[in-house]
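Below: the structure, in structure tokens.
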Amino acid sequence: MRSRWSYVYFLFYLVLGFVMLFLNNDVSKAVITLMNIIVVLTPLVGTVFGVMHFYNSREFTELLLAQPLKRSTIFLGQYFGLAISLSLSLVIGLGIPFIVYGVTQSSAIWDFSSLLLVGAFLTFIFVALAYNMALSNENKIKGFGYAILLWLTLAVVYDGLFLISLLVFDDYPLDKFALIATMCNPIDLSRILILLKLDISALFGYTGATFKMFLGTNLGMIVSLFVLCLWVAIPSWFILRKANKKDF
6 MRSRWSYVYF LFYLVLGFVM LFLNNDVSKA VITLMNIIVV LTPLVGTVFG
56 VMHFYNSREF TELLLAQPLK RSTIFLGQYF GLAISLSLSL VIGLGIPFIV
106 YGVTQSSAIW DFSSLLLVGA FLTFIFVALA YNMALSNENK IKGFGYAILL
156 WLTLAVVYDG LFLISLLVFD DYPLDKFALI ATMCNPIDLS RILILLKLDI
206 SALFGYTGAT FKMFLGTNLG MIVSLFVLCL WVAIPSWFIL RKANKKDF
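Going by our numbering, the residue at position 212 of the sequence shown is 217; the numbering climbs one at a time, nothing skipped.
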């Protein structure tokens, strides 16, 4: 939290929140605009910060490893420290404008809460994925390149492949396929959860009814949050596994 980049990240969302609420009379429109920014920018920032933090603190990590400390304490401490710092910058940065504009006193509070929750989840997920990439590659350039490639795949390429598959196999029932494919990408799942909260599932096209029928229910929301928790837990477990086996 002492890093100046955390404050730059906080100021960015603070200014962005005030601008969006000032330009949009409808809170739902502001939430949609912020969602389109958060689901792309938050994973990218988490990825870049995660890789840079690991490589820049490598000498300090080696010093800590020489102390009577568990590896799980060191690496999970670094991971959660970075993820929580970035999440707080996002939550506080967007929270202040919404509080000033009185959004917390209206029915839009649930839409806003979903936006912050999704942003926090994406931060934890992509910081963990970035740490895994850094742990797997000694070379900084390779580690950074693979991490950015992973973000690019989940943020851009995955959507293209998903849409192409829906168009090619449109003669077949794709309800279950669409749900499973959405669960396999935390960015898509986060985006759909926010849109369903805004009750505009018609934007999804003919698959909108399927998303609404499952993800729009209480059970669907619980399952979706559980899947997002798995996206945090599984990469975190891999961090421990790789850290315990890695020879520094």
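Don't be surprised by glycine CBs; every beta carbon is placed ideally from N, CA and C. Bear in mind that the values here come from a model prediction, so they are computed numbers and not experimental data.
Among the options, nearest to residue i - alpha-carbon criterion
i, options, result
"residue 138", "16, 247, 13", "247"
"residue 92", "61, 240, 15, 172", "15"
"residue 161", "186, 45, 67", "45"
"residue 50", "30, 71, 21, 10", "10"
"residue 30", "124, 103, 163", "103"
"residue 2", "227, 237, 23", "There is no way to answer for residue 2, as the model of the chain reaches only from 6 to 253."
"residue 33", "200, 240, 86, 252", "200"
"residue 226", "80, 252, 148, 184", "184"
"residue 144", "120, 59, 20, 21", "59"
"residue 18", "88, 39, 27, 8", "39"
"residue 198", "36, 26, 75", "36"
"residue 190", "127, 252, 241", "127"
"residue 62", "48, 87, 75", "87"
"residue 241", "68, 175, 64, 76", "76"
"residue 90", "186, 8, 250", "8"
"residue 108", "26, 164, 166", "26"
Terminal residues of the alpha helix (DSSP H) in which residue i lies
i, result
"residue 189", "Segment: none, residue 189 is in no alpha helix (DSSP H) and carries neither H nor E."
"residue 74", "Taken as a continuous stretch (DSSP letters only), residue 74 belongs to no alpha helix (DSSP H), as it is neither H nor E."
"residue 13", "9-28"
"residue 4", "Given a span of 6 to 253 for the chain in the structure shown, any question on residue 4 remains unanswerable."
"residue 247", "223-250"
"residue 33", "32-61"
The ligand GDP heavy atom lying under 7 Å from the CB of residue i
i, result
"residue 246", "Ligands in the displayed structure: none, and consequently the ligand GDP is not present."
Nearest-angstrom beta carbon gap, residue j and residue i [assumed within contact, 8 Å]
i, j, result
"residue 66", "residue 135", "About 15 Å; that fails the 8 Å criterion."
"residue 43", "residue 120", "7 Å"
"residue 80", "residue 244", "6 Å"
"residue 148", "residue 56", "6 Å"
Can you list, in chain order, the stretches of the beta strand (DSSP E) that have 3 or more residues and sit fully within the segment 117-203?
-> none
Touching or not, the segment 177-195 and the segment 219-238, by the rule of three or more beta carbon pairs under 8 Å?
-> yes
With a cut-off of 8 Å, do at least 3 Cβ pairs link the segment 93-100 to the segment 13-28?
-> yes
Could you tell me whether the segment 125-137 touches the segment 150-158, using the rule of 3 or more Cβ pairs below 8 Å?
-> Of all C-beta pairs linking the segment 125-137 to the segment 150-158, three or more are shorter than 8 Å, placing the two stretches in contact.
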